[in-house]
Amino acid sequence: MSVKVFLRVKVSWFRHQLQAVRRLLRSWQLCRVFHVVEKSPYTLVRYVRWPADIIVLTNERMDSLMRHRPAWMSRVGLVISDEIHLIGDADRGPALEMAIAHALSAKSPPQVLGLSATVSNAGEIAEWLGAELVESSWRPVPLAEGVYDGGSVHMADGSTLDVESSIRGPAVDIGVGAVADGGQALVFANTRPLSMSMATKASTAVEPMLSREAAARLKDASDRIVRENERTEAVKTLADLVKKGVAFHHAGLSQPCRSVVEEEFRGGAIRLVTATPTLAAGVNLPARRVVISSLMRFDMRRGMAPISVLDYKQMSGRAGRPQYDDRGEAIIVPGNAGPEMASGYIGAEPEPVESQMLNARAMRIHTLGLLVIRAALKRSQITDFFMGTLAGRQLSKSEIDREVGSALRVLAKKGMVSSRGAGAAARHIASDLGRLVSELYLDPDTATEFLELLDMASDKRDHTLGLVHAIAECGEFYPKAMPRERDRENAEGLLDEHGGELVYEVYSNEIAKSTLALNAWVCEETESSIAAAHGVESGDLHRMRERAAWIAHCLARIAAHEGKTGLASEADELERRLAYGIRRELIDLTRVRGVGRVRARELYRAGYRDRKSLAGADARKVGRISSMGKRVAEAIIAQAGQAGARRR
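Residue numbers (my numbering): 93 to 740.
As structure tokens, this is what we get:
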């Protein structure tokens, strides 16, 4: 039986659907293992269990896996790429394009199935995949689109919807109108503060419309939010709004918060959700009415700019709930953009999907990756491989060859690629350093920065803050925290106090703020205190620390490769400190399963400083610590004993 691989931009988008499919396939005895890969790239090989019939993973995980050449890859018979239009994304598109290109160029290539609702050049994509094009305009719920202007919504079919105006603003009024008609509304705002403000405004109108049963259910949901999360201001605000049948949804919220909002909205108790546009691409939350409150969005490269047609299609595509609504409504509130510009989005074709492969960063990463996967290759062979990507269909061979040559020169200069032979016959080989960098899934530029850091740093002093700063500065680290005015003073104070730990100066305010937040985390500050002091919410902090822990692991591996044992050990410790949010003295205790940052600190204060002291402890005494109970204490003590035995 062949393996099926399902590529997805975000596994979280369909986690609940996956669980249902997994149960169904197992009940039919069609599937032995249905495995979802969500771990960091460097853990992938040991976390993909074999045998598995279906593997679900992100594009980056698939691309990263290929660097390790797993034996089961040859058994893959079907690759399904959901949201294949994201090949056109400047940051994440090249990884998807390369994963598919490797699949297509295999000795026994698997069948490739690409899925998208927003591809205008589907024929070109199908030709590249060697696939049959299947197009359909079918939609489970018909979509009606319109533009708000002068107190009314003018629908594309010629009908008009009157809006009951208030001081809440037209976007909120239109959303509340859907709730008043017995439906649900999803209102998109272009910033997090605006989404929270809109939700607050909507709550006073929605709360009186709730049934007694819905109000009771939402009270329970609100209690869950408070119980399962640290009480940041955002969490307290969300919990209060949920009781009123309204919520906001953005990436700053923790996963438990977002899960409650999504569950209660799908269940119909929450009537109106305000969200940032990231929800349109990441979560399947259909509503009878979708309101797009602005056609402008801030872009790091361009500043404030109009959204793309593709973005509009992603948001409007959330309109209409199958089995509940006769039609879905997508309504634009154009603001300063004007109704004429807004009308141009309705009925427009999404922008063609264009390869992003030939940017310098993507080429150096994927040229090196290709040399790790396929060993010694001539430049012409490398060019021929890239001609098998979507870029090869959209650009000339001379353009691709020029970029291949440029990437090879850069990699050779960095000591990551060497050549055997001369001229056109020369074969290019990844060095040991290059192989390590590629298998770690790092940008060669980042690896070079780490090598420079290792040369500048001393093995004889603590560099915790300096390593955190280096991690926050590299391109792989995100999300970078956006600075506020008061953050500059906080940064200056910390740098004055711990300047000796830095390896080089901090120039960027956003890097300084990210460094501050991560340093606070490894110093055991709470999520709520970090949110209050640094403006970094729980969801952002979770992604920051998860990403930072992976980068610390990469730094430790590179340091070990270069013989910098002291710095390798320090980076290795930092990886665990970032993962758990602990000071150095708690590292050993967190190696016991079931012991996190809070329980480790409680055990440490009670005199249990490491696994050895815990292994011989009295379960009744340990059980009284933080009321964990005797059963939990016995399990922890047993784990500590096993870990200690393995260490000896």
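The beta-carbon is built from N, C-alpha and C at its ideal position, and this holds for glycine as well.
DSSP three-state assignment for residue i, whether helix, strand or coil
i, result
"Asp241", "strand"
"Val338", "strand"
"Gly206", "strand"
"Arg138", "Per-residue confidence for Arg138 stands at a pLDDT of 44, beneath the threshold of 50, marking its modelled position as unreliable; the derived number appears in the next sentence. Residue state, collapsed to three classes: helix."
"Ala671", "helix"
"Ile438", "coil"
"Val401", "helix"
"Ile728", "helix"
"Val327", "helix"
"Met449", "coil"
"Met720", "coil"
"Thr682", "helix"
"Met396", "strand"
"Val690", "helix"
"Ala644", "helix"
"Arg576", "coil"
"Leu377", "coil"
"Leu225", "coil"
"Asn321", "coil"
"Ala198", "coil"
"Met93", "With a pLDDT of only 49 at Met93, under 50, the local geometry of the prediction cannot be trusted, and the value read off the model is given with reservation. In the structure shown, Met93 sits in coil (DSSP, three-state: anything other than H, G, I, E or B)."
"Ala698", "coil"
"Leu482", "helix"
Opening and closing residue of the beta strand (DSSP E) in which residue i lies
i, result
"Glu421", "Gly420 to Ile424"
"Val279", "Ala277 to Phe280"
"Phe743", "Since the first and last residues shown for the chain are 93 and 740, residue 743 lies out of range."
"Leu149", "Ile146 to Thr150"
"Val383", "Arg381 to Ile384"
"Gly344", "Run containing Gly344: none; DSSP gives neither H nor E here."
"Ser303", "Here Ser303 belongs to no beta strand (DSSP E), and DSSP marks it neither H nor E."
Cβ-Cβ separation, residue j to residue i (assumed contact under 8 Å), whole Å
i, j, result
"Arg410", "Val365", "Their Cβ separation, rounded to whole angstroms, is 10 Å, which puts Arg410 and Val365 out of contact at 8 Å."
"Ala648", "Ala663", "4 Å"
"Val255", "Gly269", "6 Å"
"Ile465", "Arg159", "6 Å"
"Arg519", "Ala483", "Not a contact, Cβ separation roughly 23 Å."
"Val684", "Arg712", "In fact, because the Cβ distance is near 18 Å, the residues do not count as touching under 8 Å."
"Val496", "Phe478", "6 Å"
"Ile622", "Leu633", "6 Å"
"Ala517", "Val509", "Actually they are not in contact, since the Cβ atoms of Ala517 and Val509 sit about 16 Å apart, beyond 8 Å."
Selection from the options that minimises the alpha carbon distance to residue i
i, options, result
"Pro262", "Lys328, Glu491 and Gly427", "Gly427"
"Leu178", "Thr210, Ser661 and Met154", "Thr210"
"Arg576", "Val560, Glu541, Ala624 and Leu534", "Ala624"
"Ala306", "His555, Lys336 and Ala644", "Lys336"
"Val346", "Lys328, Leu659, Ser705 and Lys489", "Note on identity: in this sequence residue 346 is Ser, with Val being the wrong assignment. Among Lys328, Leu659, Ser705 and Lys489, the Cα nearest to that of Ser346 belongs to Lys328."
"Gly238", "Gly436, Leu546 and Ala281", "Gly436"
"Gly526", "Ser385, Leu487 and Ile457", "Ile457"
"Lys605", "Cys615, Ser200 and Val628", "Val628"
"His645", "His626, Leu559 and Ser630", "Leu559"
"Gly412", "Ala236, Arg675 and Glu299", "Ala236"
"Gln276", "Glu322, Ile729, Leu302 and Asn213", "Leu302"
"Asn213", "Leu487, Leu225, Lys470 and Val204", "Leu225"
"Thr540", "Leu557, Asp554, Glu443 and Lys505", "Lys505"
"Thr538", "Leu546, Ile521 and Glu568", "Glu568"
"Gln415", "Ile399, Ala434, Met165 and Gly360", "Gly360"
"Gly430", "Met720, Glu325, Leu387 and Leu557", "Leu387"
"Ala339", "Arg323, Thr368 and Glu322", "Thr368"
"Ala514", "Arg471, Ala549 and Met508", "Arg471"
Continuous alpha helix (DSSP H) stretch holding residue i: start and end
i, result
"His561", "Thr556 to Glu565"
"Pro348", "Gln347 to Arg358"
"Met290", "Arg284 to Val298"
"Thr540", "Pro536 to Met548"
"His160", "Note, His160: premise wrong, no alpha helix (DSSP H); not H, not E."
"Gly269", "Pro262 to Ala272"
"Thr252", "Looking at the DSSP string, Thr252 is not in any alpha helix (DSSP H); the run it does join, the beta strand (DSSP E), is Thr252 to Asp254."
"Asp493", "Lys489 to Lys505"
"Ala612", "Asn601 to Val614"
"Gly180", "Neither: Gly180 is in no alpha helix (DSSP H) and is coded neither H nor E."
"Ser510", "No alpha helix (DSSP H) holds Ser510; the beta strand (DSSP E) holding it covers Val509 to Arg512."
Contact test: residue i Cβ vs the ligand COA heavy atom, cutoff 7 Å
i, result
"Ala612", "This structure does not include the ligand COA; it has no bound ligands of any sort."
ask   = Between the segment 317 to 332 and the segment 403 to 412, do at least 3 Cβ pairs fall closer than 8 Å?
value = At 8 Å Cβ cutoff, the stretches do not touch.
Next on the checklist: Assess contact between the segment 234 to 248 and the segment 351 to 359, defined as three or more Cβ pairs (one per stretch) separated by less than 8 Å. Is contact present?
Outcome noted: The segment 234 to 248 and the segment 351 to 359 do not touch, with fewer than 3 CB-CB distances between them shorter than 8 Å.
Worksheet entry | Inter-stretch contact at 8 Å, needing at least 3 Cβ pairs: the segment 559 to 573 / the segment 680 to 689 | No contact exists between the segment 559 to 573 and the segment 680 to 689.
Below 8 Å, how does it come out for the segment 440 to 449 and the segment 477 to 497: are there three or more Cβ pairs, yes or no?
They touch, by the three-pair rule.
Checklist entry - Three or more C-beta pairs closer than 8 Å, one from the segment 598 to 618 and one from the segment 545 to 565: is that the case here? => result Yes: the two stretches touch, three or more of their Cβ pairs being nearer than 8 Å.
Practice item. Count the C-beta pairs between the segment 526 to 538 and the segment 144 to 151 that are closer than 8 Å, then say yes if the count reaches three, no if not. Key: These segments do not touch.
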